[in-house]
Structure formats: C-alpha cells, structure tokens
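Structure record follows, encoded as structure tokens.
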Amino acid sequence: PAPATPSPTPTPEPSATPTEPAPPVTGHWVRQAAGWRYEFSDGTWLKGGVHAVGATRYAFTDDGYVPVGWYRSPEGTWYASTEDGVRTGWYHDGAAWYFLDGDGSMATGWRLSGGAWYYLDPTRGGAMATGWAKDANTWYYMDASGAMKSSTWVREGAWYYLTGSGAMATGWFIADGSWYYADGSGAMATGWLNDSGTWYYLNPSGAMGTGWIQEGSSWYYLNPNAGGAMATGWAAVGGAWNYFDRWKGFWVSGRADFEADWNYAKTLYSPTNYLVVVDTGAPHCMTFYWAEGTWQPLTDMPCSVGKASTPTVTGTFTIKNRGSSFGHGYTAYWWTQFYGDYLFHSVLYYEGSYTVKDGTLGGHVSHGCVRLRYEDAKWLHDTIPSGTYVTLY
C-alpha cells in the first residue's frame, strides 16, 4: 500500500502586539474628622475590605475609613485594625490574647508558636484559652501563658493527667511507669475500683497497687499476673495456694489442708447464717457464712485448745453468752461461750494489762477453752450471733 500522506506543517501565526499596561492608579492618605482614608488620583477611595497600600495591609469600612479596633471583613473574617495597618502575630485587645496570621486574619483552633501549642477558642471568638479547653469532645489544659500542658499532672480540685498529645486522660492509662485510672470527668481515682466486675486498688498516689494490701483487719491480694486484679477464690501466691473470699476478696487461708476442712464443714448444719468449726487435732478455728446454697469460708484463725489433762470438748454446741474480759492472775479478753465453762477468748495477758503472758497458738495448752489472737477473739465476739452452731472435732 502507498504510504500515508503526511499532514501539512502548520504555519505559525504572527504574535499579537502586546498591549501597553495602564499606568498604575496612585493615591494618597487623607486625614478627615472621621479618620484616615486612602484617595486615588481618580477621586475614588479604598473601601470595604482589607487592602494593601504599599507593603502594608489596611482595613477599610464601607465608607472608606480605616477603623481602629476589631474589624469584620465582608467575607466574615476578623482583623485587628490600627491606623498603621492590620496587626499580625500575638495581639492583646485589653481583655484577651489573640493570634493574627500573616495577612492579619484572626486565627482559631490550634496554633504552634515558639515551640508550644496554643488553643484559640472559636467558642470565645478566637480568644486564647487558659485553663481547661474542649476541642472535639476532648479536654486539654493550658497554663497561665496559654501553652498546652502535656505528659504531666495538673491539680484542679482533683488530679488530672494530660497525655503526650495534651488530651486529658480517662479510663486506664500509664504515667511514670505505673497504671492509673481516671473517671469520666478525668479525675484520678484512689481506693477500690470496680471495673467491669473486677476489683482493683489504687494507692493514695493513684498508682495501681499490686501484691498484698491490708484494709482494716482484712488482707487482699492484687495479682500482678492478672493486671493487678483482686484475687478471689483459689489463687497461687508465691508458689502456694491461698483461698480468698469469692465475692469480697478478703484472704481466708493459706493452709495446705484448708480445703479438706472446708469440705467437712459443707456437711454440717447451723440455724444461723454462720458456722464455727474447730479442729482440735491441728488447732485451727474456722468460720463460714451461708451463700449460694453452701458454706463459704469466712476466716481461718490459728488457735490453741485444751491440754491432754484438760481437753477441749468435742461435738456440736451453740454460741451463747459473751463478755469483754475475765481472769484471776491473768486477763483473757473478748470471751464467747459455747458450752458451760468452755469459751472462745484471747490468749492470756498479765492481769489488767495488754502485755502477753502466754501467746501460744497452734498448741494444746489451755484448760479446755479455745484461745485466739486478741483481734480474732474480738471479731468472733462482735460478729458471730448467738444460736450459731460450733462443731469441734
């Protein structure tokens, strides 16, 4: 086939003759009673907006005057107007600080200046925020200079933590290598905290506790292997099994044979919601409370019982009378009667004192009564109601 006919080469058109630019309109400043105006050589005035005169930008009203103070342009932008032009950078109007961009327009929102972040609050007309400021449902804190605080604590009634981004922390967070918890308001929590059904303990400093802690007369274990959660039920502590109350978490026992004693208690009856069981062979006094259809462990207390010549009675008896102290030549505190002259009471103290005379526990040393630590004797005296069954075996 014949080759295609090439397209003709276009002939360039002659260049258009350039139009000579019009001479620039020039003007001059005129001072009138109402203020400064800028008049052009054609008799018109600059007006209605922000315009450059030379290297400086000025605001002009619709009447062509330079306003002094805040000026809102026809586009809705705010400027700080002076007779020397619109301000730029930081500006204090006598009531608050503002930041004005390079063209003089008022900035809102976040602004980085001098290495610090500032918040120009649009809900306050762009005024620089100090103290608490909320942006998009997140709270921030600005110091007295307006600089945003971050990675630090502030105290405003309660303690609050500002994260690395400056956002106020809520819920769980890490600060200085420790876990803390802040409620929905951001206030740091202390003491016991129930989070989705799991209990934690926050020290007075707010840092989450781990390991053993004592509250009143009860001990609790905050398991570091479970994120600091309070132990309940059976838990291994230091390689040994311990039992903690299933609901309240208080420590009950670390004895290896405790579970066997508990299983025995489950076969027993008491007409109240409490049961006392005493093992006279390997002396221990256990108390239980009724919940979920069975006996739940309450305490597992070391005790001493009767010596061979004056043994402690065995069988099932009933809690009856009680008193604060008794004794001749010694004092025993917080006695609770369960059968005739057989009592629960404290170890022996020198008469009329709180100096221990015989503090033996775990032995067979008494005249038949069950001796307990002072605090355990008082607890049993104050807690276990009359009519409760006591089984000794």
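Taking the working numbering, I'd label the letters of the sequence shown as residues 6 to 398.
Beta carbons: idealized from backbone N, C-alpha and C, even for Gly.
For residue 156, collect the residues of the same chain with a Cβ closer than 6 Å to its Cβ; drop the 5 residues on either side in sequence, then sort them by chain order.
Once the five neighbours on either side are set aside, the close Cβ partners of residue 156 are 169.
Is it true that the segment 321-333 meets the segment 302-313, where meeting means three or more beta-carbon pairs spaced less than 8 Å apart?
Judged by Cβ distances under 8 Å, the segment 321-333 makes no contact with the segment 302-313, as fewer than three pairs qualify.
With a cut-off of 8 Å, do at least 3 Cβ pairs link the segment 42-56 to the segment 73-80?
Segments in contact, yes.
Does DSSP put residue 127 in a helix, in a strand, or in coil?
Reduced to three states, the DSSP call for residue 127 is helix.
Let me make sure I understand the geometry here. Which of 120, 129, 93 and 89 has the alpha-carbon closest to that of residue 100?
If we check each option's Cα against that of residue 100, 129 comes out closest.
Within the chosen definition, does the segment 386-395 reach the segment 353-370 through at least 3 CB pairs nearer than 8 Å?
These segments do not touch.
Identify whether residue 121 lies in helix, strand or coil by the three-state DSSP scheme.
Correct three-state label for residue 121: strand.
Less than 8 Å between the beta carbons of residue 321 and residue 395, yes or no?
Yes; because the gap between Cβ atoms is below 8 Å, this pair is in contact.
For the alpha helix (DSSP H) containing residue 268, list its first residue and its last residue.
Run containing residue 268: 263-270, per the alpha helix (DSSP H) assignment.
What does the alpha-carbon distance come out to for the pair residue 269 and residue 278?
Roughly 17 Å separates the two Cα atoms.
Three Cβ pairs or more, each shorter than 8 Å: is that satisfied between the segment 356-365 and the segment 287-305?
Too few Cβ pairs lie closer than 8 Å, so no.
On a CA-only basis, which of 70, 174, 127 and 161 is nearest residue 144? Give me that one, please.
Selected option, being the one with the closest Cα: 174.
According to DSSP, what are the bridge partners of residue 86?
Bridge partners of residue 86: 74 and 91.
Select from 348, 343 and 380 the residue whose C-alpha is nearest the C-alpha of residue 393.
When only C-alpha atoms are compared, the closest one is 343.
Suppose you measure from the CA of residue 147 to the CA of residue 188; what does that come to, to the nearest Å?
About 21 Å.
Tell me whether residue 397 is buried or exposed, calling it buried when 16 or more other Cβ atoms sit within 10 Å of its Cβ.
Label assigned to residue 397: buried.
Is residue 187 helix, strand or coil when you go by DSSP?
Three-state result, residue 187: strand.
Applying the criterion that 16 or more other CB atoms from any shown protein chain within 10 Å of the CB defines a buried residue, is residue 165 buried or exposed?
Buried is the call here.
Nearest to residue 246 by CA position, among 235, 260 and 252, is which residue?
If we check each option's Cα against that of residue 246, 260 comes out closest.
Is it the case that the Cβ atoms of residue 131 and residue 103 are separated by a distance below 8 Å?
Yes. Within cutoff.
Quick check on the DSSP output: the beta strand (DSSP E) that includes residue 321 runs from which residue to which?
Run containing residue 321: 320-323, per the beta strand (DSSP E) assignment.
Taking three-plus beta-carbon pairs below 8 Å as touching, is the segment 178-194 in contact with the segment 219-227?
No, the segment 178-194 is not in contact with the segment 219-227.
Once DSSP output is grouped into helix, strand and coil, what is the label at residue 3?
Since the first residue shown for the chain is 6 and the last is 398, residue 3 is missing from the structure and cannot be characterised.
With a Cβ-Cβ cutoff of 8 Å, do residue 74 and residue 86 count as a contact?
Contact flag set, yes.
Helix, strand or coil: which one does DSSP assign to residue 350?
Three-state result, residue 350: strand.
Does DSSP put residue 289 in a helix, in a strand, or in coil?
Looking at residue 289 - three-state DSSP - the assignment turns out to be strand.
Tell me, which residues are paired with residue 2 by DSSP?
The structure shown has nothing for residue 2, since the chain only spans 6 to 398.
Measure the beta-carbon distance from residue 382 to residue 333 and round it to whole angstroms, keeping in mind my assumption that it falls under 8 Å.
19 Å between Cβ atoms; not a contact.
For residue 249, which residues of its own chain have a beta-carbon under 7 Å away from its beta-carbon, when the five flanking residues on both sides are left out?
226, 236, 237, 238, 240, 255, 256 and 257, listed in sequence order.
Compare the beta carbon distance of residue 186 and residue 197 with 8 Å and say whether it is the shorter of the two.
No, these two residues do not count as a Cβ contact at 8 Å.
Residue range of the alpha helix (DSSP H) that residue 5 falls in?
Only positions 6 to 398 of the chain appear in this structure, which leaves residue 5 out of reach.
Give the straight-line distance between the Cα atoms of residue 285 and residue 214, rounded to the nearest whole angstrom.
Each residue's Cα considered, the two are about 38 Å apart.
Leaving out five residues on either side along the sequence, give the residues of the same chain with a beta carbon under 6 Å from the beta carbon of residue 158.
Within the same chain, residue 158 has close Cβ partners 164 and 166.
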